[in-house]
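Q: Each residue of the sequence shown is one higher than the one before, starting from -19 at the first, in our numbering.
Virtual Cβ for every residue (Gly too), placed ideally from N, Cα, C.
The model shown is predicted, which means the values in this text are computed figures rather than measured ones.
Here's a structure for you.
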Amino acid sequence: GFFKYFANKRLQVLGASEMTYLRTLDKDTQRKRLSELIDRSVPCLVIARNYRPLPIMKEIAETRGLPILRTSMITMNFINAATLSLDAAFAPSTSEHGTMMDIKGMGTLIRGSSGIGKSECALALIERGHSIVADDLTRIRLLDERELMASSAELNQGYMECRGIGIIDVGEMFGVRSIRPEKRIDLVVSLLELTPEVQEDRTGLDQDYFTILGIDVPHIEIYVRPGRDIARIVEVASMVQALKRLGHDPATEFNDRLIDLMSTSK
């Protein structure tokens, strides 16, 4: 074969064409062709369509310590499935201290310092019919270099910590619809303590972004103070972001109407 630009770090998949070609060769040529392939430090051989490996193939693989795998899938279907699985398994990843929610289809990551009320906010959202993905610590993977996918660690999936109560089983208390295994991040909400010097954004004209793994995600800051329904505000913020994704920006539209009104009144 042509090995000048050979991708030797990838799985080597042998389908019907490759196996039929090898069977047309004599044993010495089979050994030569397979040795040229295997000696380039390929990770493994995968034989599609449930073909049995050739005896010479097993012999060379055993001496090199190379695994040979078989699948009943046709070649193209296996390549597509393996590509998706490997991309997800080896995607760039990170962790974020925050609670991930699915709010009316919008993946919302709620950040904030310890004790600010992230879990309490999430609990109120669950009671309103929304779903939780991860509590306190969210695992994030970058898929296709453009999409941030959030999930929970396997150990605490479906569980929440509520201060004063302890650990609760969300699925048992609120039903299986209250849990999502993973969700794309569409919005980041930061819960902050309100201080006298803080000037809250009252118009929403300036869109802020939060960067995760090189991807900019729409970001808003919500200041916590007594009597404020934070869960309701987070819910509305997610709905507003959903409208923006559809091209409907209430703040910009209101600002344009105000400018038009001021222009006509001169």
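For glutamate 76, report the span of its beta strand (DSSP E) as first-last.
A: Unbroken beta strand (DSSP E) run through glutamate 76: 73 to 83.
Q: Assign glycine 87 to buried or exposed, taking buried as 16 or more other Cβ atoms, counted over all protein chains shown, within 10 Å of its Cβ.
A: Buried is the call here.
Q: Can you give the Cα-Cα distance for leucine 174 and alanine 231, rounded to whole angstroms?
A: Looking at the two C-alpha atoms, the distance is approximately 23 Å.
Q: Between the segment 115 to 132 and the segment 69 to 84, can you find at least three pairs of beta-carbon atoms closer than 8 Å?
A: Touching, yes, given that three or more Cβ pairs across the two stretches are closer than 8 Å.
Q: Grouping DSSP H, G and I as helix and E and B as strand, with all else coil, what is arginine 143?
A: Here arginine 143 sits in coil by DSSP.
Q: Return the residue from the list Ala(-13), Asp124 and Glu42 that minimises the CA-CA distance to aspartate 67.
A: Nearest option by C-alpha distance: Asp124.
Q: Where does proline 206 fall in DSSP's three states?
A: Residue state, collapsed to three classes: coil.
Q: What are the start and end residues of the alpha helix (DSSP H) that includes phenylalanine 285?
A: The requested residue 285 is not part of the displayed model; the chain covers only -19 to 246.
Q: Under 9 Å, do isoleucine 40 and arginine 11 count as touching if we go by C-beta distance?
A: For isoleucine 40 and arginine 11, yes; Cβs fall inside 9 Å.
Q: I'd like to know if the segment 195 to 209 and the segment 135 to 150 are in contact, where contact means that at least 3 CB-CB pairs between them fall below 8 Å.
A: No contact exists between the segment 195 to 209 and the segment 135 to 150.
Q: Do leucine 122 and leucine 193 have their CB atoms nearer than 9 Å?
A: Yes; because the gap between Cβ atoms is below 9 Å, this pair is in contact.
Q: I need the DSSP call for isoleucine 165, collapsed to helix, strand or coil.
A: Three-state result, isoleucine 165: coil.
Q: Would the beta-carbon of leucine 46 fall within 9 Å of that of valine 26?
A: For leucine 46 and valine 26, no; Cβs fall outside 9 Å.
Q: Determine, using beta carbons only, whether serine 131 and lysine 163 come nearer to each other than 9 Å.
A: Contact flag set, yes.
Q: Output yes or no for whether 9 Å exceeds the beta carbon distance between arginine 91 and leucine 171.
A: Yes, Cβ-Cβ distance for arginine 91 and leucine 171 is below 9 Å.
Q: Which residues share a DSSP beta bridge with proline 198?
A: For proline 198, which the question treats as bridged, DSSP gives the partners Tyr189.
Q: Look at the Cβ atom of serine 99, then the Cβ atom of glutamate 141, and state whether they are nearer than 9 Å.
A: Yes, the Cβ-Cβ distance between serine 99 and glutamate 141 is below 9 Å.
Q: For glutamate 42, does the count of other Cβ atoms within 10 angstroms reach 16, so buried, or fall short, so exposed?
A: Exposed: under 16 other Cβ atoms inside 10 Å.
Q: Can you tell me which of Phe190, Val178, Asp186 and Gly109 puts its alpha carbon nearest to the alpha carbon of glutamate 215?
A: That would be Gly109, whose Cα lies nearest to the Cα of glutamate 215.
Q: Looking at the secondary structure, which residues open and close the beta strand (DSSP E) in which glycine 87 lies?
A: Counting along the chain, the beta strand (DSSP E) containing glycine 87 begins and ends at 86 to 92.
Q: Taking Cβ to Cβ, would you say isoleucine 112 is nearer than 9 Å to isoleucine 165?
A: Not in contact: isoleucine 112 and isoleucine 165 (Cβ atoms no closer than 9 Å).
Q: Compare the Cα-Cα distances from arginine 29 to each of Asp240, Tyr1 and Gly(-5) and report the closest residue.
A: If we check each option's Cα against that of arginine 29, Gly(-5) comes out closest.
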